[in-house]
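> Protein chains in written order, with our numbering: chain C, 6 to 756; chain F, 6 to 756.
#1: Alpha carbons only, please: which of F/730, F/133, F/417 is nearest the one belonging to residue 708 of chain F?
#2: So with Cβ pairs under 8 Å, would you call residue 686 of chain F a contact of chain C?
#3: Show which residues of chain F have a CB atom less than 8 Å away from the CB atom of residue 94 of chain C.
#4: From which residue to which residue does the beta strand (DSSP E) around residue 749 of chain F run?
#5: Can the beta-carbon of residue 443 of chain C be found less than 8 Å from the beta-carbon of residue 502 of chain C?
#6: Could you tell me the alpha carbon to alpha carbon distance between residue 170 of chain C and residue 328 of chain F, rounded to whole angstroms?
#7: Is the beta carbon of residue 276 of chain F closer than 8 Å to that of residue 409 of chain F?
#8: So is residue 82 of chain C buried or exposed if we call it buried at 16+ other beta carbons inside 10 Å?
#9: Kindly give me the distance between the Cβ atoms of residue 481 of chain C and residue 341 of chain C, rounded to whole angstroms, as I take these residues to be in contact under 8 Å.
#10: Does the separation of the CB atoms of residue 129 of chain F and residue 200 of chain F fall below 8 Å?
#11: Do three or more CB pairs link the region 418-434 of chain C to the region 550-559 of chain C at distances below 8 Å?
#12: To the nearest whole angstrom, what separates the beta carbons of residue 554 of chain F and residue 719 of chain F, a pair I think is in contact under 8 Å?
#13: Can you find at least 3 beta carbon pairs, one from the region 596-611 of chain C and one from the region 625-637 of chain C, that sit closer than 8 Å?
#14: Would you list the one or two residues that DSSP bridges to residue 558 of chain F?
#15: Using the three-state DSSP reduction, which class does residue 621 of chain F fall into: helix, strand or coil?
#16: Taking CB distances under 8 Å as the criterion, tell me whether residue 750 of chain C reaches chain F.
#17: In terms of alpha-carbon separation, which member of F/320, F/567, F/633, F/314 lies closest to residue 471 of chain C?
#18: Which term fits residue 743 of chain F, buried or exposed, when burial requires 16 or more other beta carbons within 10 angstroms of its beta carbon?
#19: Going by beta-carbon coordinates alone, are residue 495 of chain F and residue 563 of chain F separated by less than 8 Å?
#20: For chain C, find out if any of its Cβ atoms is closer than 8 Å to the Cβ of residue 740 of chain F; answer yes or no.
#21: Relative to the C-alpha of residue 71 of chain F, which residue among F/40, F/44, F/107, F/546 is closest?
#22: Using C-beta distances below 6 Å, list every residue in its chain close to residue 79 of chain F, excluding the 5 sequence neighbours before and after it, in chain order.
#23: What's the C-alpha gap between residue 31 of chain F and residue 227 of chain F?
#24: Can you name the start and end residues of the alpha helix (DSSP H) that residue 304 of chain F belongs to?
#25: When you compare the CB of residue 76 of chain F with every CB in chain C, is at least one pair closer than 8 Å?
#26: Do you know offhand how far residue 412 of chain F's Cα is from residue 274 of chain F's?
#27: Counting C-beta neighbours from all protein chains within 10 Å, is the total for residue 158 of chain F 16 or more, i.e. buried, or is it exposed?
#28: Would you tell me roughly how many angstroms separate the C-alpha atoms of residue 740 of chain C and residue 76 of chain F, rounded to the nearest one?
#29: Flag this pair as yes or no: are the beta carbons of residue 485 of chain C and residue 516 of chain C separated by less than 8 Å?
#30: Got a sec: is the Cβ-Cβ distance from residue 60 of chain F to anything in chain C below 8 Å?
#31: Expressed to the nearest angstrom, what Euclidean distance is found between the alpha-carbon atoms of residue 38 of chain F and residue 115 of chain F?
#32: Under 8 Å, CB to CB, which of the residues in the region 636-665 of chain F have a partner in chain C?
#33: Between the beta-carbon of residue 205 of chain F and the beta-carbon of residue 286 of chain F, is there less than 8 Å?
#34: Mind listing the chain F neighbours of residue 609 of chain C? Cutoff is C-beta to C-beta under 7 Å, in chain order.
#35: Just the C-alpha distance for residue 437 of chain F and residue 213 of chain F, rounded to the nearest angstrom, thanks.
#36: Can you tell me which of the three DSSP states residue 35 of chain C falls into?
What follows is the structure, given as structure tokens:
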């Protein structure tokens, strides 16, 4: 049967080709592997394997069943391809966005289930698009630097084509040559041209937007077997050079160094460790076009060896991305990142399945796939489904990891220190492209997936139209990107690099040392010398498991050296209810802002006090757990309780708290603190367990150019000593403190 | 074997009795049922049945295993009975509280497992207590109106005795008569006396504190077979009359009408529907002594027919309490109630098991017991375990319910309107004893266990010692009890009854009508005439399921008639992020308080505006769901965005928001609003579904003394009419509105 139908198919193709010979050389289909369809994501062999296993691969079967139910329901509702009108979140935007997904899925269903109703549905909708597109002007909304036609920005048009290329590939052989000709001539080719040659400011860049553009052009090019489009996708628009000074809507340079195309987009933003310079939120977004186009290239142009490109960075980047998530799988909101985005997003289903199939079949990935509870309906999804079925899954264990930033891995990085349920994310990276924040040496702290000290994230409600069209709000610039919005030091109420992207993007922090060999002590130390010219900041952060304490605690040593006296503000963005302080403070009757600019205008001062002792302590309760900050302070320090939300005319900001330690008029100084997680409170049993701090005293016992030493005394009177090497961290060290000698090799001493 | 050991036991008892004859008539043990032990909660027959089923009753076996592990670990740690020093949350408090539970459990283990190590442990600890107690002065902390000895308040001492009586009963026969004599003479009898005759201000009342006291005295009396104690428990201290004007720490009257004892404590606070006048949080707390003492009375004094008392109100009250919880089982925080307390608390395990065993074996209770995942280790727990094992469990379905308040059920009540995932809790009850809030006709609104419009609850961190010893904070009085803290109307910035308990406790609201027959429309309507003399408030609240709207919505009609012009404030305590308003507002640069007193001093004004149209709308997003308030407004209205937290020097209050509608200088007026729950937002898919309101217009088309009619127009232009009868709600009605006649019988018309 199959053989006969294949034979008929071949006859049909020959016949179709014959009929159209000469009309357009692209349509001269030859009977080689490249001319078979599907070939892009699904392959002929893959479809055959899938059909053979159906009913016998639970997670795949379940996904298929859900997708079938979803698409059957859509088919029932009928096809709608409205004239484009709205921004993100609005009706026409949402509809076209939905259509692209539906088309892709219907195409897959046609292949797997061999049911022509899906092919017909795809064809009918594509024909409606063809009819509309050929006369469609630019989208009426004018806000984008690169307007699309179906959507207000080329970015969304590119999303559409990435998905729809797959649908087209799936029903390619279902269509007559004439139909294909019509679609390619009036829809796909001009569509690909609009997002590329007609929108070079969008396409000809190294940026996640362009990655989508490249993938879109490349994927439709692969389906159409159009070498010009494929080349344009891989290498950019031939011969085109853009003004390197122009900027996009987000303030990023359009094309700083003239690079473009998919390969450049792999080359530039990924570090050798697979860290993506814009951070995990954007990596997640960019991941889909990177991987889906890579999979397509792997299938259609295996000679490119795309998965081996730049020492296999694409697959490495998936591992990096998974490691940039907390215990719940939520990505750390570095730079512009919307909280709550997690590895449950569909792009990560793609990433995990592709990584498993084309990578080393890491059994840890199978446990994430199991949590995701769905797979790609393609060859890689089949591989994952079979792996799970054959009980190969193992826990994906996240350990401490240090990820370098920069194309060559020498532009700082991000260290994640993990011990039991405590995760510390320490950012000493480069600017992070146009989505970067002015947050040198900042950190955030988590316990079992819950924030202890938060990073604010972005100021945006993605796709919620009522909030500024779902786009970046002005508070993203005036608040979220500013230094004071982060858990790092602010000098003289100004942001790092004066919040200037041009300056910030020239610099990066530098690793002092990273050490994770000792199970009880994880340490990262990094230096920043450019954020405030004339001032050097060296921050050493550790997560320490001390057998006398219930849980691992954080130790933070920020050493500042400046050529002049400054005012330093040091915020702690704790979340939850204040339980206790050991210092006195007054709460004002009316609330005033903490300052006038650089983010300070968004903070109200809710309380103001002075340290009562050498250590200032704040305990709080959040989501049933207690936390205590202990910070080394002196009589001249000031302590402020602040709350976000001033100068926020549209209630765009969350009303979150901070304790800010201020130190006035000093050149060199040291901020030393610990944060303990301890105990619990249940409103059901109403019992408060271990609600008090176990750290009695933090004391700086040495602070020289070369070494800083902190003595930590717990409530039982036991002491520990932490000495960090401020330089020469690989050497042998020998330090005398109060008559005692301490010797070690490496970055730190702890005992 | 058993027979022989029984025989030996009897011999032993006879021997022991003989030895002690005449020493104390209470010790003259006769060989009737009452002299057998255990008899209080566990019974001899029950122990026999449990032992026979062990290993064959999964939920019971599992509970037993956990309790055994817990107590074995405690035994390992050794016995500690420290000299009392601390308030709640402090070491000695926590230790003695823990001990009472451990003793009770160890006693049970001794009976069920027949392992003498548990009996010895109980005996040893009791002997330590005996040694300490006989010379123990009053607890050193002086804050309570009735100081205990082991704890800072008699209440906790009573808790202790309720548990320890059970332990004593379990090991009664393990002890020699001499040992029993020692314990009873030096520990139990003086202990019972201290919390009763020595602390009449605590004991001789109708109050949850006294219920604990009564149960404690009664239970030890039952074990000791001391009729004097049993009578004191049931009827109060003989011949004692207290000053009826005195108040306790919480501002409640000590003994308003001279009633006392366990039976009076059943009589007074429970309505015939089983609603407990202090609300579910305190009912949950009181439930344990009510039920455990009732179970003991049932077992030892079956002739009292305690479960039939007041037409079986104790068992009815369990059903009421379960219905006073949201979809997650969390109790609605009426009056002073700490949020998060739920039917997962151990007192509710007692309640559910006893209700099942001694009530009608409601299979719905078995599903709650299954969720609780544990049972009592006694006869009732066995019954539940067998029910679950035999697959008798059915869902406990909560429907709309109207619970009357007051001993005779004629002092207002609480109506809970339920439709799909929407729950509206409408409070038109009496004052609620000393834990009552000044919140006449207030409500809160829930969707699937999450708050839409919140009731603040209490201002207290129960058992968190750092927060005022874990006791009521002063903000409970200055904020949480005040009217402005609730979703009801405030007149001239003063609280209901001027926040005077003496006045408030004289009055209650009155039901206009309640109707839940129509599956699509649930309505409750009630009137309050005393909160503000000269002003009458009639509030009609409905939850309506309209097929054109995604989810049921709330309709709220508050009709106010006064003999003079007033200023009315009408708050909406929404939770979450403002998404959109249809009115203009300004946000101030500095935040000032909304007023100077009556709770207003705790609110900051974050925004101020005026209606732009006849309907003012606010949409917000909370926990991934959208909500929209639509309120009928006029040009003279003012709209305030407020935030709790002013004048809060210890950060005791949550920083929660409200929108407050203010109407100035008017006698009679109508506040009409709807709240819709609609759509969803996921940060993982980043798609906003149905994020806009479906209600286009709310219009008052009639407002007379007798009727109020609201026309509701949805975005498709379809209209519905809701007419409520402001009086004579059982009659036939005939109303003409704009030339159309509407006829119906009952409280409301809706079509």
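Quick reminder that beta carbons are idealized off the backbone N, C-alpha and C, glycines included.
Straight from the coordinates:
#1: F/730
#2: yes
#3: 693, 696
#4: 745-750
#5: yes
#6: 55 Å
#7: yes
#8: exposed
#9: 7 Å
#10: no
#11: yes
#12: 7 Å
#13: no
#14: F/549, F/681
#15: strand
#16: no
#17: F/633
#18: exposed
#19: no
#20: no
#21: F/107
#22: 107
#23: The predicted position of residue 31 of chain F is uncertain, since its pLDDT is 41 and thus under 50; a value taken from the coordinates is nonetheless stated next. Near 11 Å, if we compare the C-alpha coordinates of residue 227 of chain F and residue 31 of chain F.
#24: 285-305
#25: no
#26: 6 Å
#27: buried
#28: 50 Å
#29: no
#30: no
#31: Confidence in residue 38 of chain F is poor, its pLDDT being 47 and thus under 50, which makes the residue's placement too unreliable to answer from.
#32: 646, 648, 650, 651, 652, 653, 654, 655, 656, 659, 660, 662
#33: no
#34: 596
#35: 12 Å
#36: With a pLDDT of 39 at residue 35 of chain C, under the threshold of 50, the modelled position of that residue is not reliable, and no figure is offered here.
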